[in-house]
DNA sequence: CAGATTTTGAGGTACGTAAATCAGAAATTG
DNA sequence: CAATTTCTGATTTACGTACCTCAAAATCTG
């Protein structure tokens, strides 16, 4: 049988109350006694039964997720995962609230963050927008004692406790690697579409992509970035125009959202002549079909389910002052071809 | 506040004892009363607090993992993950025992399985070897009421309850896809190394690889499979010989273990002329370095940590008669390039 | 060394569920 | 309708931890 608090008490020759004081960092224990108890804990290998502890505490963790309300599939997937986490709430002793804010709107986001100050939750997960007012709002929450993690989109240099998302420079490099290798020694130009160059993630992806592609095949010509605001229709217009201007385009990399527009543009192309190599981000029902239909060659993905669950784990751990196992919380960059669609 | 058993009792107008009888499928409840209680459960949205339930039951799940004792890095990684699960045991109410058996030895494996019959654990996870005696031994365990999941290597057609591993045909197809695309329109021959064609997984990978590579580039010539018994030295010898015989070889696919031998053979090659395209399985410290050193182009991976944790979840769930969420337990085929090493 | 203060002990209740006992009510049987 | 069987209620204990109170002991102060 695994040791309990009673065993600690016996091993240390103290009472249960003292053990409890030590375990829960309550005052009123001499340093010497504390050491004796801690020694006993180590000796008999006691591990607190979190289930029982949570039961006794009937602790719940009020958490808030703030995400942009754009209608792109990735955010829809993220929203879905948050909803599922809300369903699981009673089992995980969390109480999760989801707040939607307009996309790319730093002001609205900062206001949403500040609205939490009145009744601050234990933790907040937020899809960050890179702006001073957001920095400041996060700082205010942190000062209140609220744990803040950025989700999907980071805010380096801010007071956030953790980032639950991928390394976007590495993601860009991975895309560049695939593009370079898939195109082999071919020459020609490569089109790149982003949501907005004002978003840190998108800048990072572009940086990584350009660097890596240039390493592998310097003869490829990376065209100036097209900005879509993550709007499928804009993606469609921009890509169609580009393809019309240069039908011999060798590759397309969409590092932002709006893949539906990309797919639409490619579908039209298909019948006429061979299509360019296409790499995009985020596995959704649309990109999944496009992969299977040979309209897209590779999809880079970050699993929103992992991100949400990781964010929750980290928020709870940091709230309890428990260390986070970084390796476990690292979000991977998944590569999907039509053959390994999970 | 979330509803408790007391709330069910009140809502259904019955006593706590009756609710308990219904919840835990104990006899002595009229169908009509049972229905009333179940209706109330649904109506008020009761979800059993598993933490409290386990606490009350003080249930522990005795589990056994049986794995081959080969010294290749993948199995070492698997062993490591099992050890970590053993460390976590007290927290997860499991009691895990690890049994090592000689690799590729059906007789020894069957004996190990049969040895459990005396004091059968709740669940067994086993890296299967495809042989009639293993089928039979698994059947006997199942009849005893023990849950059996195959790990890494499946035994289709046997009585196992679940398989915690990847779809190896899809893994082979993914490798074929990458090889075909990375080689572009090039012609030449592709060498394939396997551990043993007697192992189902390896046969599956070869099937998928050949199919897919042939679809993409039929001019590539897939050479007859080399069998290494997953021994690094054998891999080194076989590959070196093959490379000496045909220095113009376009690609190498190692679908088995023994990557250390492959890497050694490639290191020698490096200085002389360009090396072939290389794809292998399982991310280990060796293959990781080889990726970073540009000795290997892509690694397909199955995460042993995921497999072990999934196996434990499934064993516990099946032991409790709780349904398993298949989507959650699907083990992905990860693709790693040097750029997305997690 | 008296008095104040800090430290420790003993014991209880609570969390939500499981599991048991025993008595009483209802339904079924002959 | 009495005897039996089946079903249901009321109550209790237990799981391991948290947290509270009150009293007793030890230590520190001047």
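Chains as they are written, first to last, in this note's numbering: chain A, 166 to 507; chain B, 166 to 507.
No residue lacks a Cβ here, since even glycine has one placed at the ideal position from N, Cα and C.
Computed from a predicted structure; not experimentally measured.
Of the choices the options, whose alpha-carbon is the least far from that of residue i?
i, options, result
"residue 466(A)", "308(A), 340(A) and 271(A)", "340(A)"
"residue 447(A)", "251(A), 237(A), 478(A) and 169(A)", "237(A)"
"residue 224(B)", "291(B), 257(B), 493(B) and 312(B)", "257(B)"
"residue 168(B)", "200(B), 189(B), 210(B) and 198(B)", "210(B)"
"residue 336(A)", "504(A), 189(A) and 463(A)", "463(A)"
"residue 370(A)", "351(A), 342(A) and 349(A)", "342(A)"
"residue 259(B)", "499(B), 227(B) and 241(B)", "227(B)"
"residue 379(A)", "202(A), 355(A), 454(A) and 239(A)", "355(A)"
"residue 430(B)", "398(B), 449(B), 457(B) and 453(B)", "398(B)"
"residue 489(A)", "255(A), 203(A) and 314(A)", "314(A)"
"residue 427(B)", "400(B), 287(B) and 421(B)", "400(B)"
"residue 271(B)", "300(B), 450(B), 264(B) and 252(B)", "300(B)"
"residue 385(B)", "366(B), 373(B) and 414(B)", "414(B)"
"residue 366(B)", "353(B), 392(B) and 333(B)", "333(B)"
Just grab the DSSP bridge partners of residue i for me.
i, result
"residue 391(A)", "358(A)"
"residue 446(A)", "465(A)"
"residue 194(A)", "In DSSP, residue 194(A) forms no bridge with anything."
"residue 331(A)", "Paired residues: none, contrary to the question."
"residue 262(B)", "229(B)"
"residue 107(B)", "Not covered by the structure: residue 107(B). The range shown for chain B is 166 to 507."
"residue 288(A)", "228(A) and 312(A)"
Chain A partners of residue i, CB-CB under 9 Å?
i, result
"residue 374(B)", "Here the premise fails: no neighbours, minimum Cβ distance about 10 Å."
"residue 499(B)", "497, 499, 500 and 505"
"residue 220(B)", "214, 216, 217 and 220"
"residue 342(B)", "502, 503, 504 and 505"
Mapping DSSP to helix, strand and coil, what is residue i?
i, result
"residue 233(B)", "strand"
"residue 296(A)", "coil"
"residue 501(A)", "strand"
"residue 417(B)", "strand"
"residue 166(A)", "coil"
"residue 398(B)", "helix"
"residue 473(B)", "helix"
"residue 375(B)", "helix"
"residue 189(B)", "coil"
"residue 282(A)", "coil"
"residue 366(B)", "helix"
"residue 239(A)", "helix"
"residue 347(B)", "helix"
"residue 178(A)", "coil"
"residue 272(B)", "helix"
"residue 319(B)", "coil"
"residue 255(B)", "helix"
"residue 479(A)", "helix"
"residue 405(B)", "helix"
"residue 495(B)", "coil"
"residue 427(B)", "helix"
"residue 422(B)", "coil"
Can you list the residues of chain A that residue i reaches, using a CB-CB cut of under 7 Å?
i, result
"residue 349(B)", "349"
"residue 335(B)", "504 and 505"
Using 8 Å for Cβ pairs, my map puts residue i next to residue j. What's the rounded Cβ distance?
i, j, result
"residue 279(B)", "residue 302(B)", "5 Å"
"residue 250(B)", "residue 417(B)", "Actually they are not in contact, since the Cβ atoms of residue 250(B) and residue 417(B) sit about 34 Å apart, beyond 8 Å."
"residue 361(A)", "residue 394(A)", "6 Å"
"residue 507(A)", "residue 495(B)", "6 Å"
"residue 484(B)", "residue 312(B)", "5 Å"
"residue 358(B)", "residue 403(B)", "6 Å"
"residue 298(A)", "residue 275(A)", "4 Å"
"residue 184(A)", "residue 202(A)", "6 Å"
"residue 304(A)", "residue 324(A)", "5 Å"
"residue 230(A)", "residue 290(A)", "5 Å"
Along chain B, which residues have their Cβ under 7 Å away from the Cβ of residue i?
i, result
"residue 425(A)", "Simply none; closest approach about 24 Å."
"residue 256(A)", "212 and 215"
"residue 338(A)", "504"
"residue 167(A)", "255"
Who are the neighbours of residue i on chain A, taking C-beta pairs under 8 Å?
i, result
"residue 377(B)", "504"
"residue 346(B)", "346, 347 and 462"
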